[in-house]
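> My structure is below; once you've seen it, I'll send some questions.
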Amino acid sequence: MPRCPPNESDRYDLGVNKSQRETRSVRWVPAAAVSLATLLLLAACSNSSGDRAASPSTEPAAEGAVATPDVLSAVPVKLEQVATLDRPVAFAARPGSDDVFIAEQAGRVRRITGPSTPIQTTTTEPPAEETPGGSTNTTAQATAPRATPASVTQDEDEPRNQNAPSNSIVRTGRYSLLNSPLLDISGEVRDEGERGLLGMAFSPDGRKLYLHYSDNEGDTVVARWDMTSSSVDTSSRETIFTATQPFANHNGGQLAFGPDGYLYLGLGDGGGAGDPEGNGQNPDTPLGKVLRIDPDGATGELPYAIPADNPFATGGGVPETWVWGLRNPWRFSFDAETGDLWLPDVGEKSREEITVLARAEGLGRGANLGWPLYEGTEPFKEEGETKADLVAPLYEYPHTDGSCAVVGGYVYRGSAIPDLVGTYLFGDWCTPEVQGLRVADGAVSAVGGLGIDVKSLSSFGEDDNNELWLLSQEGGVYRLLPA
Ligand SMILES: [Ca+2]
Numbered sequence: 006m007p008r009c010p011p012n013e014s015d016r017y018d019l020g021v022n023k024s025q026r027e028t029r030s031v032r033w034v035p036a037a038a039v040s041l042a043t044l045l046l047l048a049a050c051s052n053s054s055g056d057r058a059a060s061p062s063t064e065p066a067a068e069g070a071v072a073t074p075d076v077l078s079a080v081p082v083k084l085e086q087v088a089t090l091d092r093p094v095a096f097a098a099r100p101g102s103d104d105v106f107i108a109e110q111a112g113r114v115r116r117i118t119g120p121s122t123p124i125q126t127t128t129t130e131p132p133a134e135e136t137p138g139g140s141t142n143t144t145a146q147a148t149a150p151r152a153t154p155a156s157v158t159q160d161e162d163e164p165r166n167q168n169a170p171s172n173s174i175v176r177t178g179r180y181s182l183l184n185s186p187l188l189d190i191s192g193e194v195r196d197e198g199e200r201g202l203l204g205m206a207f208s209p210d211g212r213k214l215y216l217h218y219s220d221n222e223g224d225t226v227v228a229r230w231d232m233t234s235s236s237v238d239t240s241s242r243e244t245i246f247t248a249t250q251p252f253a254n255h256n257g258g259q260l261a262f263g264p265d266g267y268l269y270l271g272l273g274d275g276g277g278a279g280d281p282e283g284n285g286q287n288p289d290t291p292l293g294k295v296l297r298i299d300p301d302g303a304t305g306e307l308p309y310a311i312p313a314d315n316p317f318a319t320g321g322g323v324p325e326t327w328v329w330g331l332r333n334p335w336r337f338s339f340d341a342e343t344g345d346l347w348l349p350d351v352g353e354k355s356r357e358e359i360t361v362l363a364r365a366e367g368l369g370r371g372a373n374l375g376w377p378l379y380e381g382t383e384p385f386k387e388e389g390e391t392k393a394d395l396v397a398p399l400y401e402y403p404h405t406d407g408s409c410a411v412v413g414g415y416v417y418r419g420s421a422i423p424d425l426v427g428t429y430l431f432g433d434w435c436t437p438e439v440q441g442l443r444v445a446d447g448a449v450s451a452v453g454g455l456g457i458d459v460k461s462l463s464s465f466g467e468d469d470n471n472e473l474w475l476l477s478q479e480g481g482v483y484r485l486l487p488a
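Written as structure tokens, this is what we have:
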């Protein structure tokens, strides 16, 4: 989903010769938002004046400082498969609930009820055979064997623990996939390649559900629905945002509420290969950006407000822009403890990058991450005037091991795996091992595999307890657990 494996159309001809690229001089700066991490990175890729070296190293800036992956592979973790879905690609937790919600690319939102939700299961067997003593006590039921993905589909769609028929039981203590989708908009979603239902988020109060998808024309739509206690009011649908997509690929997809309560959405450069329209460096298009809107406000005809501190709120570019110079921000997240924005960008042909924009220093307001002038810190495309003040990634990695597209995850802030707290988890669409990354004193101190694999990793998820989930586009829905 983040990007198809490399193909002919992705092999972009840079269009400039090597000597042209080497004579460019770009100043990499820490965003107002980027802290010591980037300052240290500058030391690795800049000359003493602070200007980018004319002939930058082709080595990833962070790799030289990275060692000791053993500390990550030693963290005792495992995956537990909770369900099998049809191409799950996005995850959302509803604040205040341990239910989790998963988007299937075709346009369906599936609900997995959490351990605290009593589930009524209708059965043809007498209750006594299911539950010795005929008890419907939820404590007793909590010890029932964990359901397999196949058996959980027996559950009814609306859990109840009142007025239950005599031939039903009530269980808690486990996750249960409900049969029917919470919402099915497959009729208005173009499900093809990198298109489809791509992102999902609940409002911080849990009352609204936001979806980010490709409509039948292939264009981007963000729409929202009101939630009832456990279902969607389908009559409440409201389109929030649209963007015309010139190509089928690089649609971005992420939706996430920031620590400021605003809604952030990622849009790719519009697609093709090598950003043929120059959208990444064009402030007058929403493509190639992370946008930031206030969905509780309104601006004239718009069903949202532009936060006053957006960098182009009063001119200079698309006012929804928060961060620009992006190729395909498929997945980004906010650290649940610090509020920092972890923003990976999927690379074109050789490098994947992860940038951290610290909340304490402005959350990356107006940061230009460089695409398509640079892929990671490697010069990619000469375009117009030399740009100054580009923000370098905290970490980048090459495609040399078969990697092709970074899938951003979360900084682990759960309680089940103490040794993992503070570690950022991420992966790659083309290589299965889940990666961990740690930062110490502002620099990457360790990065490496965690010893668990998810093929065709499409997304991570963070539930309401800050525990992490992983999705495989091949169908698997997994919880990350201590081993
Ligand atoms: Ca970049």
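If you use the working numbering, the sequence shown corresponds to residues 6 to 488, in order.
Positions of the beta carbon are idealized from the N, C-alpha and C atoms, including for glycine.
Note that the structure is a prediction, hence the values are computed from the model and not measured.
Ordered along the chain, which non-local residues of its own chain (more than five positions away) have a Cβ less than 7 Å from that of residue 450?
Within the same chain, residue 450 has close Cβ partners 443 and 444.
> State the start and end residues of the unbroken alpha helix (DSSP H) segment that holds residue 76.
75-78
> Helix, strand or coil for residue 380 per DSSP?
strand
> Ligand 1 and residue 327: does the residue's C-beta get closer than 8 Å to at least one heavy atom of that ligand?
no
> Could you tell me the distance, in whole angstroms, from the CA atom of residue 102 to the CA atom of residue 383?
44 Å
> Leaving out the 5 sequence neighbours to the left and right, which residues in its chain are closer than 6 Å to residue 168 when beta-carbon positions are compared?
Its pLDDT being 44, under 50, residue 168 is placed unreliably in this model, and the coordinates cannot settle the point.
> Whole beta strand (DSSP E) runs in the region 212-242 with 3 or more residues, listed along the chain?
213-219 and 225-232
> Under 8 Å from any heavy atom of ligand 1, does the C-beta of residue 272 make it?
no
> Quick check on residue 192: does DSSP put it in helix, strand or coil?
helix
> Shortest alpha-carbon distance to residue 462 belongs to which of 95, 187 and 82?
Comparing alpha carbon positions, the residue from 95, 187 and 82 closest to residue 462 is 95.
> Which of the three DSSP states, helix, strand or coil, is assigned to residue 366?
helix
> Is residue 425 helix, strand or coil by DSSP?
helix
> What does a CB cutoff of less than 6 Å around residue 474 pick up in its chain, not counting 5 residues either side in sequence?
Taken in chain order, the residues that qualify are 96, 466 and 484.
> So residue 323 and residue 290 are in contact, right, with Cβ under 8 Å, and what is the actual spacing, rounded?
6 Å
> Measuring only the C-alpha atoms, how far is residue 210 from residue 406?
42 Å
> Excluding five sequence neighbours on each side, which residues of the same chain lie with their C-beta closer than 8 Å to the C-beta of residue 349?
334, 335, 336, 337, 357, 358, 359, 360, 411, 412, 413 and 431
> What did DSSP end up calling residue 89 once you bin it into helix, strand or coil?
strand
> Report all residues from its chain with a CB closer than 7 Å to the CB of residue 479; omit the five preceding and five following residues, and keep chain order.
460 and 461
> Is the beta carbon of residue 80 sitting closer than 9 Å to the one on residue 441?
yes
> With a threshold of 16 other CB atoms inside 10 Å of the CB of residue 482, please say whether the residue is buried or exposed.
buried
> Quick one: any contact between the region 106-115 and the region 209-226, if contact means 3 or more CB pairs under 8 Å?
yes
> Here's a check: name, in chain order, each residue in its chain whose Cβ is nearer than 7 Å to the Cβ of residue 304, leaving out the five neighbours to either side.
310 and 311
> Using the three-state DSSP reduction, which class does residue 406 fall into: helix, strand or coil?
DSSP places residue 406 in helix when its eight states are reduced to three.
> Should residue 195 and residue 201 be called a contact, given that it needs their Cβ atoms to be closer than 9 Å?
yes
> With 16 as the cutoff for other CB atoms within 10 Å, does residue 184 come out buried or exposed?
exposed
> Got a sec? Which residues, its chain only, sit under 6 Å from residue 468 by beta carbon, not counting five neighbours each side?
98 and 105
> Could you give the residue range of the beta strand (DSSP E) that holds residue 100?
That residue, residue 100, is in no beta strand (DSSP E); it is neither H nor E in DSSP.
> Ordered along the chain, which non-local residues of its own chain (more than five positions away) have a Cβ less than 7 Å from that of residue 12?
Unreliable positioning characterises residue 12 in this predicted model, as indicated by a pLDDT of 36, which lies under 50. A coordinate reading is not provided.
> With 16 as the cutoff for other CB atoms within 10 Å, does residue 448 come out buried or exposed?
buried
> What span of residues does the beta strand (DSSP E) with residue 454 cover, start to end?
448-458
> Could you spell out where the beta strand (DSSP E) holding residue 4 opens and where it closes?
Nothing can be reported for residue 4, as the shown portion of the chain is limited to 6 through 488.
> Between the beta-carbon of residue 364 and the beta-carbon of residue 340, is there less than 9 Å?
yes
> Thinking C-beta only, is residue 300 closer than 9 Å to residue 242?
no
> Can you give the beta carbon distance from residue 293 to residue 280, rounded, assuming they're within the 8 Å contact cut?
7 Å
> Which first and last residues belong to the beta strand (DSSP E) in which residue 294 is found?
294-298
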